[in-house]
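Below is one structure, written out as structure tokens; comments come after it.
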Amino acid sequence: MPEPGKKPVSAFSKKPRSVEVAAGSPAVFEAETERAGVKVRWQRAGSDISPSDKYGLAAEGTRHTLTVRDVGPADQGSYAVIAGSSKVKFDLKVLEAGKAEPVPGPASAPTEAPGAPGEALASATEVEGGSPSPEGSSSAAPDGPSAPDDPIGLFVMRPQDGEVTVGGSITFSARVAGASLLKPPVVKWFKGKWVDLSSKVGQHLQLHDTYDRASKVYLFELHITDAQTTFAGGYRCEVSTKDKFDSCNFNLIVHEAIGPGDLDLRSTFRRTSLAGGGRRISDSHEDAGTLDFSSLLRKSSFRTPRDPKLEAPVEEDVWEILRHAPPSEYERIAFQHGITDLRGMLKRLKGIKRDEKKSTAFQKKLQPAYQVSKGHKIRLMVELADPDAEVKWLKNGQEIQMSGSKYIFESIGTKRMLTISQCSLADDAAYQCVMGGEKCSTELFVKEPPVLITRPLEDQLVMVGQRVEFECEVSEEGAQVKWLKDGVELTREETFKYRFKKDGQKHHLIINEATLEDAGHYALHTSGGQALAELIVQEKKLEVYQSIADLTVGAKDQAVFKCEVSDENVRGVWLKNGKELVPDSRIKVSHIGRVHKLTIDDVTPADEADYSFVPEGFACNLSAKLHFMEVKIDFVPRQEPPKIHLDCPGRKPDTIVVVAGNKLRLDVPISGDPAPTVIWQKTITKGNKIPAGPAPDADAAGDSGASDEWVFDRKLLCETEGRVRVETTKDRSIFTVEGAEKEDEGVYVVTVKNPVGEDQVNLTVKVIDVPDAPAAPKISNVGEDSCTVKWEPPAYDGGQPVLGYILERKKKKSYRWMRLNFDLLRELSLEARRMIEGVVYEMRVYAVNAVGMSRPSPASQPFMPIGPPSEPTHLAVEDVSDTTVSLKWRPPERVGAGGLDGYSLEYCREGCSEWVDALRGLTERTTMLVKDLPTGARLLFRVRAHNVAGPGAPVTTKEPVTVQEILQRPRLQLPRHLRQTIQRKVGEPVNLLIPFQGKPRPQVTWTKEGQPLAGEEVSIRNSPTDTILFIRAARRAHSGTYQVTLRIENMEDKAELVLQVVDKPSPPQDIRVTETWGFNVALEWKPPQDDGNTELWGYTVQKADKRTMEWFTVLEHYRRTHCVVSELVIGNGYYFRVFSHNTVGPSDRAATTKEPVFIPKPAIKYEPPSYKALDFSEAPSFTRPLVNRSVIAGYNTTLCCAVRGSPKPQISWFKNGLDLGKDARFRMFSKQGVLTLEIRKPCPFDGGVYVCRATNLQGEAQCECRLEVRVPQ
């Protein structure tokens, strides 16, 4: 049965409306939400509106206002307000100044769209005369660009929900992309679950389809005219091609146009096929109109309220109701239960009722319906009357063929079974079992299990313009999922910005080019859960991890400029003196990952220039200078002392800096004759090291004995191969280190010697590297969506100062780290925000210096952002005394993921800011009595809610509370049931609670009949607000009038209570039999001596037979003391007994007669009546005489006649006067007066006159006939 569609629930109770205002005037839009505290966002053209000089935002309770000041033409356009998952659009139209006053827009509120921004429910416009109108179309988007090249699914535009008034028209449109289709798609429209609308095409429903060759889009339309309320409900559009299938559900809401006072009974009986102007419209050649009695029934339902007894329960089976209801009630039941397809209902009901007929083929039929979970198997079974009969199984009218293991057919005796394995949604259908001309039907409903999230979404951090792809894995292939952004559903209709992709169990959301507006929280909802992730979009910023440095090289050497940037995809241009450098065989440009290199081989003086690297798309320029070092060798005479030719004033060269991992080459020109010997040594420092001080020179080494802080040693470097090697030629010595390491840092001493002399230079080499990884960061100040992250500097800064830090975050169960900052952090702490409450996170940090970025630190301890609860609500003062105050409150509206640990209560004096704890620790109760307060003090109280995140905001009493008891008159609040006589049975407890009021605490006094209560059986319990009279086991003596008195000083209040303790009555007295006659006995007795302290309800009279002594009740609740027992059995003896009754019950004993009462038998003599003898004798007479016959010889012949007579006559047969009694050829029969003579095979000689004679005492009679025997010729 199709179910009517449900309208989405809106978060707005009042929606803003479109307005027209004059230029220069303000425009005000108002919206009201269902509850207070809802976060409301205002948007214009898809962008959020923030308070400014132009826009004013105000919120007061549930009322929210947007004010557009000094409206101009630029302010005209579409606006929207969003609350939760509800979004309402409205328009602002600006008129020329002085042309019109601001007037409200259309009366109809803008349609709320619970889905994506820009998606709206279709509105249907009522049209006079039932003619279709374009405004009635349900298409949410106008005809825009053509279908995308790669659409997701088949629909370019899906039909949307629509609303229409009775008698109006509406059109639902669906657009299908046809660029990739070889043949036109097949589109079917359904109402409910099964009803195909192609069979309903006629006067009220038409189907149209067109094809736009320019955009290659198919347009399919469902047009409904003269809408009726029965048209409301859920619809479905299915489109299929050779290898694809897609469907879409939408709802139609039909509003009643006739009011309660406008009902015209005669209009119901008018022919519905007559249109305006008296012209008759034909539908399927039916010229005669139809009488719409159903509309009369529906309209009358609006006039009179529906009887709540007729409302169908949720679990009520409407088919069971229809099966047992008369046909005249079908329409009322269908309307009451929302069945709109009456024809389909009658067809199904006819099949159900046919099954109820007794079947000769089936002993046990299929059940009306079966349900199975997706992926499970189900067995359908019938029992036949004939064990050898064959059956056929049908699915939706088509015979099921045996194929693989999907369908299994079984036959065991009279049972026939069909087993369906691995049930899917395709198996949700109607099944039939056919045997001969009979069949039984059922429906199989496949229940789809909830779709679970097996791999959640990952947070992502991208730059503007980059591609974003969210991926989530679910438990079912092809499952239906819903993507949301900040609680608003995403659809492809929104300018095709989002692409949705399905790959088995994986679902993808793709954003080709991310913008800043795309940042937010994205969620994927399934039927069994949801996954949430955050997308952060940052502006493009390029970071330089390593800049190019100045180089000084000699002739024929190689110059390498190297830089490293943050983006691997960034390309750039190398410039020489401002002009683009063209690579050739000597100049090479390379780009590997984030590293860009410029290599110049065989350097010449012409290569000395300023070189720059300019990244494409960024305002950045990295520059360095190439210095050409020309070695000048002057003529020296022979026997020249050795000399090291370095351009270093004061013989102290600058520190040589090399990046770890790079190649270090020290090229030292030398001279001397004869050729000097070159010795390379590295100074090894022992003792304390001064981090920031310069390397000690040779003179300092000589003074090491005078200082205990430094101790130097030298290591000879003489290898010619390996990582560290020395190569010496005639005019230069080259020291090379492949892949410089931190251990290579230090002071290198170069000594040249020959017989003439020696020269020595100290070269300081500093190896710089990326910093060490910092220690694991520490998390503190964890809030609802934020925390404070602190870390320490790395132990080693890599030889360069740390420029800043980079912080990353990830969910604990995820593997993807998300960067939180693009600009380097200078401080050692950061307040991280925009986290999801209740999700466990981890943090790590990188250190960055001029060389690059360090390895990541160890992850921090996992933490969960949890916010404190909101303030408690409805704080109120219950009671006040001289030293105590009683408070109560309600739990906070928002508790959060951290739960609720308890409440703290504090107070302070008026005008003072020091708060004092009213209790130690926390309490879980929402009420508290604060004791030991100073009398007369004016105090303020406040309550906080606490959880693991700490205390929440406090709620404080609005006014100071004066600690002083207020005098209140005593007043007894006697309950209604105690104002009447109170009855209790003997042995029952008595517990009478009487609330009262009065301050200070009143004095309570109880008396009985004016005397104080005595004895331990009656106890009194008093509290500040009530008093209780308690009797554990009531006795008859406790009956009486009780008085309770409430007294405060000279004021008092009194009340009386009447207690009646009742018991069973005693038995009646002096029962006796006063009279016996016939079948009756008269009894008489006296009332019981004790009535049980209550009114007698009557008596029960019983009798017992003396022989069996089984008692039977004759009279019940009999109020008189005498009665007559009738209908007794004659000859039996009877005992009688009587019980007395009251409100407690019957008496324990009965009053019984001592002697039995006998019912005598009366003497009766039977005299038989005398009758006159009758004479029935009669002379024989033939009632049917013999008849003449002509027979053929050789065939047996019979002669028949009938005779009557009394006594029975003697029969004799004669032929021609001769007696035939002794002739064996003749047989004579007599039965019930019918006489028969059989002649066996007569011959011509048997012909003659036959006589039958009957004789008795009264006379004789005879009859005769002639028999002719013919011989055949």
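Okay, so the sequence shown: first residue is 3 according to our numbering, each after it adds one.
Don't be surprised by glycine CBs; every beta carbon is placed ideally from N, CA and C.
- For the stretch 912–942, the continuous beta strand (DSSP E) assignments of 3+ residues that do not extend past its boundaries occur at 929–932, in sequence order.
- Annotation: the stretch 816–856 contains the following complete segments of the beta strand (DSSP E) (minimum length 3 residues), in chain order: 831–834 and 843–851.
- Counting only runs of 3 or more residues that sit fully inside the stretch 1130–1217, the beta strand (DSSP E) segments are 1135–1144, 1180–1186, 1191–1194, 1199–1208 and 1212–1217, in chain order.
- Boundaries for residue 620: no alpha helix (DSSP H) harbours it, and the DSSP string shows neither H nor E there.
- By DSSP's assignment, residue 336 forms no beta bridge with any residue.
- Residue environment for residue 681: buried (at least 16 other C-beta atoms within 10 angstroms of its C-beta).
- Taking all protein chains shown into account, residue 474 has 16 or more neighbouring C-beta atoms within 10 Å of its C-beta and is therefore buried.
- DSSP, read as helix, strand or coil, puts residue 1224 in coil.
- Here residue 367 is buried: its Cβ has 16 or more other Cβ atoms, across all protein chains shown, within 10 Å.
- The shortest CA-to-CA distance from residue 781 to any of 1004, 811 and 758 is the one to 811.
- For residue 1124, the enclosing beta strand (DSSP E) stretches over residues 1124–1127.
- Assignment of residue 591 by DSSP, reduced to helix, strand and coil, places it in the strand class.
- Counting along the chain, no beta strand (DSSP E) covers residue 206, and no H or E run does either.
- When DSSP assignments are scanned along the stretch 431–455, the uninterrupted stretches of beta strand (DSSP E) that are 3 or more residues long and fall wholly within it turn out to be 431–437 and 440–449.
- A residue is called buried when at least 16 other Cβ atoms come within 10 angstroms of its Cβ; residue 1189 does not meet this threshold and is exposed.
- Separation of residue 631 and residue 554 (C-alpha to C-alpha, rounded to the nearest whole angstrom) is 6 angstroms.
- DSSP, reduced to helix, strand and coil, places residue 93 within a strand of the structure shown.
- With respect to the 8 angstroms criterion, residue 1049 and residue 1014 are not classified as neighbours on the basis of their beta carbons.
- Counting only runs of 3+ residues, the beta strand (DSSP E) found wholly inside the stretch 465–550 occupies 470–476, 484–487, 500–505, 508–513, 522–528, 531–540 and 546–548, in chain order.
- Sequence-distant Cβ neighbours of residue 1232 in its own chain, meaning closer than 8 angstroms and more than five residues away, are 1213 and 1238.
- In this chain, the beta strand (DSSP E) harbouring residue 395 covers 394–397.
- In this structure, DSSP gives residue 319 a state outside helix and strand, which the three-state scheme calls coil.
- Distance from the Cα of residue 466 is smallest, within the candidate group 421, 944 and 824, for 824.
- Taken through DSSP and simplified to helix, strand or coil, residue 159 comes out as strand.
- When C-beta atoms of the stretch 369–382 are compared with those of the stretch 219–238, fewer than three pairs fall below 8 angstroms, so the two segments do not count as touching.
- The continuous stretches of beta strand (DSSP E) do not include residue 402, and DSSP gives it neither H nor E.
- Segment contact: the stretch 1038–1057 against the stretch 1077–1089, fewer than three CB-CB distances shorter than 8 angstroms; contact not assigned.
- A straight-line Cα-Cα distance of about 39 angstroms links residue 1109 and residue 988.
- Taking a C-beta distance under 8 angstroms as the contact criterion, residue 94 and residue 79 qualify as a contact pair.
- Between residue 1067 and residue 1028 the beta-carbon gap is near 36 angstroms, outside 8 angstroms, which marks them as no contact.
- Under the DSSP assignment, residue 1121 falls outside any beta strand (DSSP E); it carries neither an H nor an E label.
- Under the three-state reduction of DSSP output, residue 1040 falls in the helix class.
- Between residue 1146 and residue 1065, the beta carbon gap of about 6 angstroms places them in contact (Cβ cut-off 8 angstroms).
- Residue 1087 has no beta-bridge partner at all, per DSSP.
- The bridge partners DSSP lists for residue 247 are 242.
- Residue state for residue 881 is assigned as strand, using DSSP reduced to three classes.
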